[in-house]
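Enquirer: Handing you this structure, nothing more for now.
Number of protein chains: 2
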Amino acid sequence: MANETITMTSVDAAAMMAEWTDRARSSLAPMIKSSHDARQNALRKAAQLIRDNAATILAENSRDLANAEARNMAEAMVGRLMLNPARIDAMAAGLEDIADLPDPLGRELDRWQRPNGLDIARVSTPLGVIGVIYESRPNVTVDAAGLAIKSGNPVILRGGSDSFYTSSCLARLVQDGLKGAGLPVHAVQLLNNTDRALVGAMLTAVGGIDVIIPRGGRSLVERVQHEARVPVFAHLEGICHLYIDAGADPEKAVAIAVNAKMRRVEICGALETLLVDRAVADTLLPVIGDALTTAGCSLRADAEARAILPDAAMATEADWTTEYLAPILSVAVVDGVGGAIDHINRYSSSHTESIVTENTDTAQRFLDEVDSAIVMVNTSTQFADGGEFGMGAEIGIATGRLHARGPVGAAQLTSFKYMVRGNGQTRA
Amino acid sequence: MANETITMTSVDAAAMMAEWTDRARSSLAPMIKSSHDARQNALRKAAQLIRDNAATILAENSRDLANAEARNMAEAMVGRLMLNPARIDAMAAGLEDIADLPDPLGRELDRWQRPNGLDIARVSTPLGVIGVIYESRPNVTVDAAGLAIKSGNPVILRGGSDSFYTSSCLARLVQDGLKGAGLPVHAVQLLNNTDRALVGAMLTAVGGIDVIIPRGGRSLVERVQHEARVPVFAHLEGICHLYIDAGADPEKAVAIAVNAKMRRVEICGALETLLVDRAVADTLLPVIGDALTTAGCSLRADAEARAILPDAAMATEADWTTEYLAPILSVAVVDGVGGAIDHINRYSSSHTESIVTENTDTAQRFLDEVDSAIVMVNTSTQFADGGEFGMGAEIGIATGRLHARGPVGAAQLTSFKYMVRGNGQTRA
């Protein structure tokens, strides 16, 4: 967001943000009342409008790309910003996938009767007004708006200034979809002003915004977590672990280790530390190390692992808490599943950890005692993803303990209320 | 908390609080691992120790009462501080009730399979370290500790200084119960220092405390909500509404109105505003008004209601947002259930609202569209209580939309994690 400036005072920004949150809040009651049909209709209409207006979207994207070129934007960022017909179609299809998911609202989460005859049900409701702060990725505009509509939550989007024209065009098309379905257009709003003071105003809009979801790199998430006065669903980093137990199937161990680390090294579910049971380190570590090295991974090992993998670099204490997001892996030998659990609960960022073992008791102990949002047996940490979980899409992954944890999809963007049905009961 | 002082700097307080939160956090792993048997055992042992040490508890309570007398504490506060054998037995029985509840941990909240064979379960876990800030009510020490033990959450208790000796004695007995059950004694800690700077340190202990629960009057809750940097489960006030629909059974309407307002006027579930459907105002309002007046309630009515209840005072705009906690009730005539919903969603504190009607469509519309934590049909708002909901006990009532809403019992003090079971799946 290199081009952003602060010209507004925080007082002006708060006053302007109040107008945005007022419009969002007045959209909440109609969204609470809305039928699933209407919300599905809005999503499908928005998808169709995005397909029908592909040329306009590409033209707006060209404006952003021209600005990006003029500012010598890094190639990786240009790659995320640039749209083409296939990417536009994927955004539309994503909205249709969200439309097809079951309604997350009005679900009876629990229901019971009291001895006095009162019938109590806990029923899912919208969460409230959501603020999404993200970098210059146009698809986040569409994904976040889609999940918000699905779950009945008005959303205020604050995208990176580098994708301003593209995201504004996409947001308008989604608003047209809402309008076509008879839902309030202000259920989706994209800030039309990229002054950074407005980000501060979003983060402190207590009473106006119910939860903030940052989508972006570590520096964005750190700023949001530091400054926010409203609750945040986020993960700062994914320091994911794979533990190879004495009871591991060696073939699975190799395949899972290579996939978890190397499939894509830059995502939050990528493996960062491999732990190997001392009982099988001599036999398995050379094979796994070879496979990883052959796949292009550098290894940083503790003293015991290095005795087995002499070509590995020496790991330092910092390696156990480093999210490389690169083809680098730290490796340690541990004392069985207990040692693995201790290491993980000490160093992990509580995102995703996996064990490879054929011993179901050991697997269950790992599942029970590892204190992370996602714990896995005999599979790759790269499955830590809302789409892979069957949630259709995710607005992010949360490592906090409150409300949402793990992939945050439409169902995780709900709250609940109690419906109590009586026949005249009064309290003694 | 008249006797409290601030002698510590905020830096000193934060350093001291870090020692408390470190002990709490190191108790988390053993609590996560603990069996329900062990937690039940701790609760039952604590109950027995409280019964066996009633004389000691009364002696410590006398020290607090002597201090209270020396400071001319208000009678109502002395009443809440004073223990007797029956109250001590009730605290012990409360712990046994909590022990008897089902285990809130390790519950499979959801489970599904993916096309690739991955099995995904969402399983309840402890929430983390809880901070409870409360006034001089010794029973809160025991209730809060009991619910925290049940749900596997280490708790840091900060009670009012006026109950310091009593609460310290009770906390020690609960810790002895934990010890007897082989659980970490620091899973329950009561601050042994009443410096108010430590309250500030609790409220800002990000990373040390996961959630703060204030138990007390409006000024305490306001301070907590204003200063807290960690999440808060709380309600500021309960501006509860009862709406009498044209389809109401008149007898139920009268009985519920009188019970909701007058059973106990000082609790958060007490009725503060009565709304009556214009279609039945002429016939029902005189009867309900009479019953309330006879029960000792003063009425403050809008112009239309006052035309029917000429003895009522004139309500002002402020009456619609006032939590009287007294035998006073505001009354308005509204245009059917739609008018009632609009009034409630505008003025309510989102705590508890009820409708009286025999029309199930109208009832369902009220349940669906009123945006409060608890919505009721044909029953009294005074049932808004964890015990009455069958939760065994409550640590408070939350009106926020995130995580916990309504009565907060042991099950609401949990988080969850995903357990993913595979057989070697790697991601394409």
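Top line first, the protein sequences correspond to chains S and B. Numbers given in our numbering equal positions in the first sequence, counted from 1, plus 4. Numbers given in our numbering equal positions in the second sequence, counted from 1, plus 4. Glycine included, each C-beta is placed from N, C-alpha and C at the ideal position.
(1) Which residue wins for smallest C-alpha separation from A432/S, given the options N263/B, L109/B, A46/B?
(2) Short of 8 Å Cβ to Cβ, which residues in the segment 362 to 375 of chain B face chain S?
(3) Taking the C-alpha atoms as reference points, what is the distance between H355/S and E398/S?
(4) Could you check whether the segment 105 to 121 of chain B touches the segment 158 to 168 of chain B, counting it as contact only if at least three pairs of C-beta atoms, one from each stretch, sit closer than 8 Å?
(5) Let me make sure I understand the geometry here. Which of A309/B, A408/B, F420/B has the alpha-carbon closest to that of S419/S?
(6) Tell me which same chain residues have a C-beta within less than 7 Å of the C-beta of D101/S, skipping the five on either side of it?
(7) Which complete alpha helix (DSSP H) runs does the segment 214 to 246 of chain B hold, if anything under 4 residues is left out?
(8) How would you list, in chain order, the residues of chain S whose beta-carbon sits under 9 Å from the beta-carbon of R267/B?
(9) Per DSSP, A259/S is paired with what?
(10) Below 7 Å on C-beta distance, what does V215/S contact in chain B?
(11) Would you tell me roughly how many angstroms separate the C-alpha atoms of V203/B and N88/B, rounded to the nearest one?
(12) Classify A6/B: buried if its beta carbon has 16 or more other beta carbons within 10 angstroms, exposed otherwise.
(13) Give me whichever residues DSSP pairs with E3/B in a beta bridge.
(14) Have a look at A96/B and E73/B and give me their C-alpha separation to the nearest angstrom.
(15) Rounding to the nearest angstrom, what Cα-Cα distance links N76/S and P108/B in this structure?
(16) Can you look up S358/B in the DSSP assignment and give me helix, strand or coil?
(17) Are the segment 415 to 429 of chain S and the segment 127 to 134 of chain S touching, with three or more C-beta to C-beta distances below 8 Å?
(18) Between F168/S and chain B, is the shortest Cβ-Cβ distance under 8 Å, so that the two count as touching?
(19) Could you check where the beta strand (DSSP E) with N427/S kicks off and where it finishes?
(20) Given a threshold of 16 other Cβ atoms within 10 Å of its Cβ, counted over all protein chains shown, does P314/S qualify as buried or as exposed?
(21) Could I get the ranges of all uninterrupted alpha helix (DSSP H) runs contained in the segment 154 to 218 of chain B, with 4 residues as the minimum, in chain order?
(22) Taking Cβ-Cβ distances below 8 Å as the criterion, which residues of the segment 29 to 54 of chain S are in contact with chain B?
(23) Is the Cβ of L122/B closer than 8 Å to any Cβ of chain S?
(24) I need the boundaries of the beta strand (DSSP E) containing Y351/S, first residue and last residue.
(25) Can you check whether the C-beta of P436/S is within less than 8 Å of a C-beta belonging to chain B?
(26) Could you tell me whether any Cβ in chain B is nearer than 8 Å to the Cβ of M380/S?
(27) For the beta strand (DSSP E) that N382/B lies in, which residues bound it at each end?
(28) What residues from chain A crowd round Y351/B, counting only those whose CB sits closer than 7 Å?
(29) In chain order, what residues of the segment 406 to 422 of chain B put their CB closer than 7 Å to some CB of chain S?
(30) So that I know if they touch, is there some Cβ in chain S lying closer than 8 Å to that of I61/B?
(31) Please confirm whether L47/S and L99/S have their CB atoms less than 8 Å apart.
(32) Rounding to the nearest angstrom, what Cα-Cα distance links A51/S and D68/S in this structure?
(33) With 16 other CB atoms within 10 Å as the buried threshold, where does V15/S fall?
(34) For S340/S, which residues from the same chain have a beta carbon less than 6 Å from its beta carbon, with the 5 sequence-adjacent residues on both sides left out?
(35) Can you list, in chain order, the residues of its chain with a C-beta nearer than 8 Å to that of M21/S? Leave out the 5 residues immediately preceding and following it.
Expert: According to the data block:
(1) Here the question's residue 432/S lines up with position 428 in the first sequence. That would be N263/B, whose Cα lies nearest to the Cα of A432/S.
(2) A367, L371, D372, E373, D375
(3) The residue you call residue 355/S lines up with position 351 of the first sequence. The residue you call residue 398/S lines up with position 394 of the first sequence. Going from the Cα of H355/S to the Cα of E398/S covers about 15 Å.
(4) no
(5) For the purposes of this step, residue 419/S is taken as residue 415 along the first sequence, with counting starting at 1. Of A309/B, A408/B, F420/B, the residue nearest in Cα terms is A408/B.
(6) On the first sequence, position 97 is the one that residue 101/S refers to. Within the same chain, and ignoring the five residues on either side of D101/S in sequence, the residues whose Cβ sits closer than 7 Å to its Cβ are G396, A397.
(7) Complete alpha helix (DSSP H) runs here, min 4: 222 to 231.
(8) One-based indexing of the second sequence puts residue 267/B at position 263. By Cβ distance, chain S contributes T430, R431, A432.
(9) Residue 259/S sits at position 255 when you count from the first residue of the first sequence. DSSP output for A259/S lists no bridge partner at all.
(10) To locate residue 215/S, count along the first sequence from 1; it is residue 211. In chain order: L406.
(11) Residue 203/B sits at position 199 when you count from the first residue of the second sequence. Residue 88/B sits at position 84 when you count from the first residue of the second sequence. One alpha carbon belongs to V203/B, the other to N88/B, and they sit about 29 Å apart.
(12) Position 2 of the second sequence, counted from the start, is the residue given in the question as residue 6/B. Only weak support is given to the placement of A6/B: the predicted model assigns it a pLDDT of 41, under 50, and the value that follows is read from those uncertain coordinates. So A6/B ends up on the exposed side.
(13) Absent from the structure is residue 3/B, since the part of chain B shown begins at 5 and ends at 432.
(14) In the second sequence, the residue the question calls residue 96/B occupies position 92. In the second sequence, the residue the question calls residue 73/B occupies position 69. Computed Cα separation, rounded: 27 Å.
(15) Taking the first sequence and counting its residues from 1, one reaches residue 76/S at position 72. Taking the second sequence and counting its residues from 1, one reaches residue 108/B at position 104. Between N76/S and P108/B, the C-alpha separation is close to 55 Å.
(16) Taking the second sequence and counting its residues from 1, the one referred to as residue 358/B is at position 354. It is a strand residue.
(17) yes
(18) The residue labelled residue 168/S in the question sits at position 164 within the first sequence. Not closer than 8 Å to any Cβ of chain B, the Cβ of F168/S fails to qualify, so no.
(19) Position 423 of the first sequence, counting from 1, holds the residue named residue 427/S. Counted as a single uninterrupted DSSP element, the beta strand (DSSP E) harbouring N427/S occupies residues 418 to 429.
(20) Here residue 314/S refers to the residue found at position 310 when the first sequence is read from its first residue. Answer is exposed; the Cβ neighbour count stays below 16.
(21) 168 to 184, 201 to 207
(22) L32, A33, I36, K37
(23) Translated into positions along the second sequence, residue 122/B becomes position 118. True, the Cβ-Cβ gap to chain S drops below 8 Å.
(24) In the first sequence, residue 351/S corresponds to position 347, counting from 1. Run containing Y351/S: none in the beta strand (DSSP E); it sits in the alpha helix (DSSP H), 340 to 351.
(25) In the structure displayed, chain S extends from 5 to 432; residue 436/S sits before or after that span and is not available.
(26) Here the question's residue 380/S lines up with position 376 in the first sequence. Chain B, which has a Cβ nearer than 8 Å to the Cβ of M380/S, makes this yes.
(27) Counted from its first residue, the second sequence places residue 382/B at position 378. First-last of the beta strand (DSSP E) with N382/B: 378 to 383.
(28) Looking for chain A here will not work: the only protein chains present are S and B.
(29) L406, H407, R409, G410, S419, F420, K421, Y422
(30) Mapped onto the second sequence, residue 61/B falls at position 57. Judged by the 8 Å Cβ criterion, I61/B is not in contact with chain S.
(31) Here residue 47/S refers to the residue found at position 43 of the first sequence. Here residue 99/S refers to the residue found at position 95 of the first sequence. The Cβ atoms of L47/S and L99/S sit closer than 8 Å to each other.
(32) For the purposes of this step, residue 51/S is identified with residue 47 of the first sequence, where counting begins at 1. For the purposes of this step, residue 68/S is identified with residue 64 of the first sequence, where counting begins at 1. Distance between the alpha carbons of A51/S and D68/S is about 22 Å.
(33) Working through the first sequence from its first residue, we reach residue 15/S at position 11. So V15/S ends up on the exposed side.
(34) Stepping through the first sequence from its first residue, residue 340/S is reached at position 336. The sequence given here has Gly at residue 340/S, not Ser. Counting only Cβ-Cβ distances below 6 Å, and skipping sequence neighbours, we find D281.
(35) Looking up residue 21/S in the first sequence gives position 17. Only L202, A205, M206, A209, G212 meet the Cβ criterion.
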